[in-house]
Amino acid sequence: MIQITALPAFTDNYIWLLQDHSTQRCAVVDPGDAAPVQHWLDAHPDWILSDILVTHHHNDHVGGVAALKNATHATVYGPASENIPARDIALGDNAKVNVLGLDFDVYAVPGHTLGHIAYYHRGLLFCGDTLFAAGCGRLFEGTPEQMHHSLSRLAALPEDTLVYCTHEYTLSNLKFAAAVEPTNPDVVARLEKVNQQRGQGIITLPSTLALEKLTNPFLRTTETSVKQKADERNGQRNQTPSEVFAALRAWKDKF
Numbered sequence: 494m495i496q497i498t499a500l501p502a503f504t505d506n507y508i509w510l511l512q513d514h515s516t517q518r519c520a521v522v523d524p525g526d527a528a529p530v531q532h533w534l535d536a537h538p539d540w541i542l543s544d545i546l547v548t549h550h551h552n553d554h555v556g557g558v559a560a561l562k563n564a565t566h567a568t569v570y571g572p573a574s575e576n577i578p579a580r581d582i583a584l585g586d587n588a589k590v591n592v593l594g595l596d597f598d599v600y601a602v603p604g605h606t607l608g609h610i611a612y613y614h615r616g617l618l619f620c621g622d623t624l625f626a627a628g629c630g631r632l633f634e635g636t637p638e639q640m641h642h643s644l645s646r647l648a649a650l651p652e653d654t655l656v657y658c659t660h661e662y663t664l665s666n667l668k669f670a671a672a673v674e675p676t677n678p679d680v681v682a683r684l685e686k687v688n689q690q691r692g693q694g695i696i697t698l699p700s701t702l703a704l705e706k707l708t709n710p711f712l713r714t715t716e717t718s719v720k721q722k723a724d725e726r727n728g729q730r731n732q733t734p735s736e737v738f739a740a741l742r743a744w745k746d747k748f
């Protein structure tokens, strides 16, 4: 049985900690800062950090990797086409890795960065900055077409999949979703709930793919209401779902 805990970092990052209680080994995902992980390890001296999973090269995801590698000798996994500090195993699309006894499938999900990858094990998705709760990452390197394709791949996973993204952006993302679909009852209800959660300092993650399909505008580009709003926003008739996505992403960047 794997326990998953969020270790807060910086202002809105989460470093995901996976614990295998049968072996007292643990793994972390995207440790942008070594300090929260090292603090946890110091408080739990019987646990061994055996694995570090990295989704992409941005410093708030890799800044703590080298220090943790030096301190624990954990195996570092990361995308093959990006510069990942202390990486031991380079991963590409459709690779498979076993971490804490779990078999993970690796998905190439370019868009936020060109080499971005996600890790999927039955019911668990660690997607870095590709898919967010009610949103998606900015396009720093990839194209709208690439990101739309990446999101479509992730959306095709089972609907009960838990979505472990790496930022607490849910509230701001839902405010945008409400601007796109002001009459969507699922968006309205989720926004009210998340407002309450954040007011109490409660984490809003993980999400589920089922909930994302109901409330995330970037996964709803084929919905008439979303397309109409995107068309209205950029004053043109968007012909394809990827064009709708591009219009939404440009709008969100200025929102």
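Numbering (the working numbering), first residue to last: 494 to 748. Don't be surprised by glycine CBs; every beta carbon is placed ideally from N, CA and C.
Runs of beta strand (DSSP E) with 3 or more residues, each lying fully within the segment 577-657, are found at 582-584, 589-592, 595-601, 610-614, 617-621, listed in chain order. Around the C-beta of Pro-538, fewer than 16 other C-beta atoms lie within 10 Å, and the residue is accordingly described as exposed. Assigned with DSSP and collapsed to three states, Trp-509 falls in strand.
In chain order, Ile-508, Val-530, Ile-545, Gly-557, Val-558, Leu-561 place their CB closer than 7 angstroms to the CB of Pro-524, counting only its own chain and leaving out the 5 sequence neighbours on each side. In the same chain as Thr-697, and ignoring 5 residues on each side of it, the C-beta atoms closer than 8 angstroms to its own belong to Ala-626, Glu-661, Thr-663, Leu-664, Val-687, Gln-690, Arg-691, in chain order.
In the displayed model, Gln-693 falls within coil according to three-state DSSP, outside both helix and strand.
If only uninterrupted alpha helix (DSSP H) runs of at least 4 residues are considered, those enclosed by the segment 522-587 are 527-536, 552-555, 558-565. Three or more beta-carbon pairs separated by less than 8 angstroms link the segment 570-587 to the segment 545-555, which places the two stretches in contact. Measuring C-alpha to C-alpha distances from Pro-603 to each of Ala-502, Ile-497, Val-681, Gln-639 identifies Gln-639 as the nearest. Here the alpha carbons of Arg-730 and Ala-520 stand approximately 47 angstroms from one another. One Cα belongs to Phe-619, the other to Pro-675, and the distance between them is close to 29 angstroms. The beta-carbon separation of Ile-610 and Val-592, rounded to 14 angstroms, does not stay under the 8 angstroms limit for a contact. Relative to Asp-505, the option among Ile-695, Glu-736, Glu-705 whose CA is nearest is Ile-695.
For Ser-700, the pairing in a beta bridge is given by DSSP as Val-656. Classified as buried, His-549 has 16 or more neighbouring CB atoms from the shown chains inside 10 Å of its CB. Excluding its 5 nearest sequence neighbours in each direction, Thr-714 has C-beta neighbours in its own chain below 6 angstroms: Pro-734, Val-737, Phe-738, listed in chain order.
Cβ neighbours of Asp-596 within its own chain (closer than 7 angstroms, five residues either side excluded): Lys-589, His-614. DSSP links Leu-500 through a beta bridge to Ile-508. Between Tyr-657 and Ile-497, the beta carbon gap of about 7 angstroms places them in contact (Cβ cut-off 8 angstroms). Here the alpha carbons of Trp-744 and Asp-724 stand approximately 11 angstroms from one another.
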